[in-house]
Amino acid sequence: MATYHSTRSRTAQLSAKEAIRRGIAPDGGLYVSDELGQSKIDLEGLANKDYFELAREVLGTLLPDYTADEIAACVDEAYGSTFASDEVTPVVDLKGVAGEADQGSAPAYVMELWHGPTSAFKDVALQMLPRLMARTSANAEGAADKIMIVTATSGDTGKAALAGFADAPGCGITVFYPEGKVSRVQELQMSTQEGANVSVCAVRGNFDDAQSAVKCIFADRGLADRLAAAGVQLSSANSINVGRLVPQVVYYFAAYAQLLRAGKIQPGDAVEFCVPTGNFGDILAGYYAQRLGLPVAKLIVASDKNNVLFDFLTTGTYDRQRPFYTTTSPSMDILISSNLERMLYYLADGDCELVAGLMTQLAQGSYNVPAELLAKIQAVFGCGWADEDQVAAAIKDCWDRNGYLIDPHTACGYHVLGQVPAASDAKARVVLSTASPYKFPRAVAGSLGLFCPPDDFACMKVLEKATGTVAPAQLSELQQKPVLHDAVVDIDGMGGFVEQAAAKL
Ligand SMILES: *Cc1c(COP(=O)(O)O)cnc(C)c1O
1 MATYHSTRSR
11 TAQLSAKEAI
21 RRGIAPDGGL
31 YVSDELGQSK
41 IDLEGLANKD
51 YFELAREVLG
61 TLLPDYTADE
71 IAACVDEAYG
81 STFASDEVTP
91 VVDLKGVAGE
101 ADQGSAPAYV
111 MELWHGPTSA
121 FKDVALQMLP
131 RLMARTSANA
141 EGAADKIMIV
151 TATSGDTGKA
161 ALAGFADAPG
171 CGITVFYPEG
181 KVSRVQELQM
191 STQEGANVSV
201 CAVRGNFDDA
211 QSAVKCIFAD
221 RGLADRLAAA
231 GVQLSSANSI
241 NVGRLVPQVV
251 YYFAAYAQLL
261 RAGKIQPGDA
271 VEFCVPTGNF
281 GDILAGYYAQ
291 RLGLPVAKLI
301 VASDKNNVLF
311 DFLTTGTYDR
321 QRPFYTTTSP
331 SMDILISSNL
341 ERMLYYLADG
351 DCELVAGLMT
361 QLAQGSYNVP
371 AELLAKIQAV
381 FGCGWADEDQ
391 VAAAIKDCWD
401 RNGYLIDPHT
411 ACGYHVLGQV
421 PAASDAKARV
431 VLSTASPYKF
441 PRAVAGSLGL
451 FCPPDDFACM
461 KVLEKATGTV
471 APAQLSELQQ
481 KPVLHDAVVD
491 IDGMGGFVEQ
501 AAAKL
């Protein structure tokens, strides 16, 4: 069942399994299927479906070449015992949000996506991807039988990918992160990772530098040939992999089902989702859910001070030539939002030539979409952003108003929800909470006006004491774990590091 092809051309058609195994298309495009939305998810009886059932339905629809048994096994392995909540992604009530736009609008909720093993939302996808990957096989003659996952991370992807792929059969994983630009907790999460197939390395540069270098590594034919001779093929665990995108579609349905069960909405009611966004993966999954039939009123893109998406969605010009800000929400500090390419593909009605042209222009600095396309995009996506003071104020406001602690990424969503008026048909507004506040204890405690000791773990204690909440054990226990990875390389040393890591497989 060859249903996937690149956003930039239709010449090569792949099955979902092949698309997941490869990660990114050879022409630099992302894999998409023109069948998206042709079969819908049955909304009848949605209220009675649990996360596992929804996951089987959504994955089965979007990845048609996996058998029902394979999908069921992947879902059980990924979520059966790894998430500290029966709902997997529980929805909680808010009393309100700050800001004008809240007056008289639909009630607000938070969906907590961070109950997985690394306390960030990326676990939802990265507990699934290795299981999906394990059920692909090298069927082409002479194809490599081992996969080396190579990933650049702005903080959370790295640990979630490591946790998902550590000791996964037939796979190795190499993670690069920008030196000094992730939180202490994030760095320790990665540098203490166990597993025989695991390599972690800091890079002198920022996330975009590291991500661009990883793209070059994937495009390096010489390196690919040398690795192939050793039986190793490179692949990606970044959110461009369809195997990461598809699991995220599930929780939009799960949120809707929970709201139905709690009597907060009626079948057919439209719901708005406000999503803290960097690479556009999480919010794109919401668009996929809408295409699969979920009644979505509007998808609101919430950015931090790196507001390139806000500018694009309001003007139609995407310009990556701008200052890069290091903020308290590092996982959203992104200038090149990769998954936007898939959104452009779908809203331009599958015009590969247009997408390829825009991406060529982006490589040179900026592009502009036609007014007609911009109007279509704006009909689906709203947007807003928060600067650093607004993020801190949002954390404080949410605590004071709701007695509910949020991390700086979630705080961008909370702030933006208060700024953007609710769609007229929205019956509920859901902010996606993408990380536990304890992943960023310094920023959170500081926002509450608490004294922050120099050490992040002492900071966690301060936060626990002041709020009566408890840090996830997997975070508070990190400081007792031995550091296993301490390599640092320059950008141009990353290819060599991957080759060494592959040699150990
Ligand atoms: C990755 C991440 C985001 C951004 O998600 P995208 O899919 O890249 O838009 C937001 N918050 C946290 C905590 C993250 O780890």
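One point on numbering: in my numbering, the residue at position 389 of the sequence shown is 389, and numbering is uninterrupted. No residue lacks a Cβ here, since even glycine has one placed at the ideal position from N, Cα and C. Computed from a prediction, not measured in an experiment: that's the story for all the values here.
1) To the nearest angstrom, how far is the alpha carbon of E141 from that of Q189?
2) Does the separation of the CB atoms of K298 and Y325 fall below 7 Å?
3) Give the secondary structure of V519 by DSSP, where H, G and I count as helix, E and B as strand, and everything else as coil.
4) What residue does the alpha helix (DSSP H) around T506 start on, and which one ends it?
5) By the 10 Å Cβ neighbour count, where 16 or more other Cβ atoms means buried, how is D282 classified, buried or exposed?
6) Please report the distance separating the alpha-carbon of A262 from that of A47.
7) From P441 to W399, what does the alpha carbon distance come to, in whole angstroms?
8) Which term fits L484, buried or exposed, when burial requires 16 or more other beta carbons within 10 angstroms of its beta carbon?
9) Below 7 Å CB to CB, which residues in the same chain sit around N368 once its five sequence neighbours on both sides are set aside?
10) Is the separation between the beta-carbon of I240 and that of G278 shorter than 7 Å?
11) Nearest-angstrom Cα distance between G350 and Q480?
12) Report buried or exposed for G357, applying the criterion of at least 16 other Cβ atoms within 10 angstroms of its Cβ.
13) Any contact of the region 179–187 with the region 465–472, i.e. 3+ C-beta pairs under 8 Å?
14) DSSP beta-bridge partners for Q233?
15) Return the Cβ separation of V296 and F273 in integer angstroms, given the expectation that the two are a contact with Cβ distance under 8 Å.
16) Kindly list the residues whose CB is nearer than 6 Å to the CB of V250, restricted to its own chain and excluding five residues on each side of it in sequence; keep chain order.
17) Spell out a yes or no on whether the region 161–176 and the region 448–466 are touching, meaning 3 or more CB-CB pairs, one atom from each, closer than 8 Å.
18) State the start and end residues of the unbroken beta strand (DSSP E) segment that holds T317.
19) Could you pull the start and end residues of the beta strand (DSSP E) that H5 belongs to?
20) For V122, verify whether its CB is less than 6 Å away from any heavy atom of ligand 1.
21) Where does S447 fall in DSSP's three states?
22) CB of A435 to nearest heavy atom of ligand 1: below 6 Å?
23) Can you grab the Cα-Cα spacing for the pair L313 / A375, in whole Å?
24) Where DSSP assigns a beta bridge to Y367, which residues make up the other side?
25) Any heavy atom of ligand 1 closer than 6 Å to the beta-carbon of T277?
26) Assess contact between the region 196–207 and the region 166–173, defined as three or more Cβ pairs (one per stretch) separated by less than 8 Å. Is contact present?
27) Is the separation between the beta-carbon of I491 and that of A237 shorter than 7 Å?
Here's the rundown:
1) Residue 141 sits at position 141 when you count from the first residue of the sequence shown. Residue 189 sits at position 189 when you count from the first residue of the sequence shown. With a pLDDT of 47 at E141, under the threshold of 50, the modelled position of this residue cannot be trusted, and the question is left open.
2) Within the sequence shown, numbered from 1, the residue matching residue 298 stands at position 298. Within the sequence shown, numbered from 1, the residue matching residue 325 stands at position 325. No, they are not a contact pair.
3) Lying before the first or after the last residue shown, residue 519 is absent from the chain, which here runs from 1 to 505.
4) It is not possible to answer for residue 506, since the shown part of the chain is limited to 1 through 505.
5) Residue 282 sits at position 282 when you count from the first residue of the sequence shown. So D282 ends up on the buried side.
6) The residue given as residue 262 occupies position 262 in the sequence shown. The residue given as residue 47 occupies position 47 in the sequence shown. When rounded, the separation of the alpha-carbon atoms in A262 and A47 is 9 Å.
7) Against the sequence shown, residue 441 aligns to sequence position 441. Against the sequence shown, residue 399 aligns to sequence position 399. If I take the Cα positions, the gap works out to 14 Å.
8) For the purposes of this step, residue 484 is taken as residue 484 along the sequence shown, with counting starting at 1. It is exposed - the Cβ of L484 has fewer than 16 other Cβ atoms within 10 Å.
9) Residue mapping note: residue 368 aligns to position 368 of the sequence shown, counting from 1. Cβ neighbours of N368 beyond the five flanking positions: G316 and T317.
10) Stepping through the sequence shown from its first residue, residue 240 is reached at position 240. Stepping through the sequence shown from its first residue, residue 278 is reached at position 278. Their beta carbons are not under 7 Å apart, which means I240 does not touch G278 by this criterion.
11) What you label residue 350 is simply residue 350 of the sequence shown in a count that begins at 1. What you label residue 480 is simply residue 480 of the sequence shown in a count that begins at 1. Those two C-alpha atoms are separated by around 51 Å.
12) Within the sequence shown, the letter at position 357 stands for residue 357. The residue in question, G357, is exposed, as its Cβ has fewer than 16 Cβ neighbours within 10 Å.
13) no
14) Counted from its first residue, the sequence shown places residue 233 at position 233. Q233 pairs with I147.
15) As a first step, residue 296 is located in the sequence shown; it is residue number 296 there, counting from the start. As a first step, residue 273 is located in the sequence shown; it is residue number 273 there, counting from the start. The Cβ separation is near 7 Å, so the contact holds.
16) By 1-based counting over the sequence shown, the position of residue 250 is 250. Around V250: L54, A55 and V58.
17) no
18) Within the sequence shown, residue 317 is the residue found at index 317, counting from 1. Membership of T317 in the beta strand (DSSP E) is indicated by the continuous run T317 to D319.
19) For the purposes of this step, residue 5 is identified with residue 5 of the sequence shown, where counting begins at 1. Per DSSP, H5 belongs to the beta strand (DSSP E) from Y4 to S6.
20) Along the sequence shown, one-based indexing puts residue 122 at 122. In the sequence on display, residue 122 carries Lys and not Val. Yes, the beta carbon of K122 sits closer than 6 Å to at least one heavy atom of ligand 1.
21) Numbered from 1 along the sequence shown, position 447 holds the residue referred to as residue 447. Helix, per DSSP.
22) Within the sequence shown, the letter at position 435 stands for residue 435. Correct: A435 has its Cβ closer than 6 Å to ligand 1.
23) If you number the sequence shown from 1, residue 313 lands on position 313. If you number the sequence shown from 1, residue 375 lands on position 375. Straight across, the Cα-Cα distance linking L313 with A375 is about 9 Å.
24) If you number the sequence shown from 1, residue 367 lands on position 367. Partner residues in the beta bridge of Y367, as assigned by DSSP, are Y318.
25) Locating residue 277 in the sequence shown gives position 277, counting from the first residue. Because some heavy atom of ligand 1 lies under 6 Å away, the Cβ of T277 counts as near it: yes.
26) Taking a cut-off of 8 Å on C-beta distances, the region 196–207 touches the region 166–173, as three or more cross pairs fall below it.
27) As a position in the sequence shown, residue 491 is number 491, starting the count at 1. As a position in the sequence shown, residue 237 is number 237, starting the count at 1. Not closer than 7 Å, so no.
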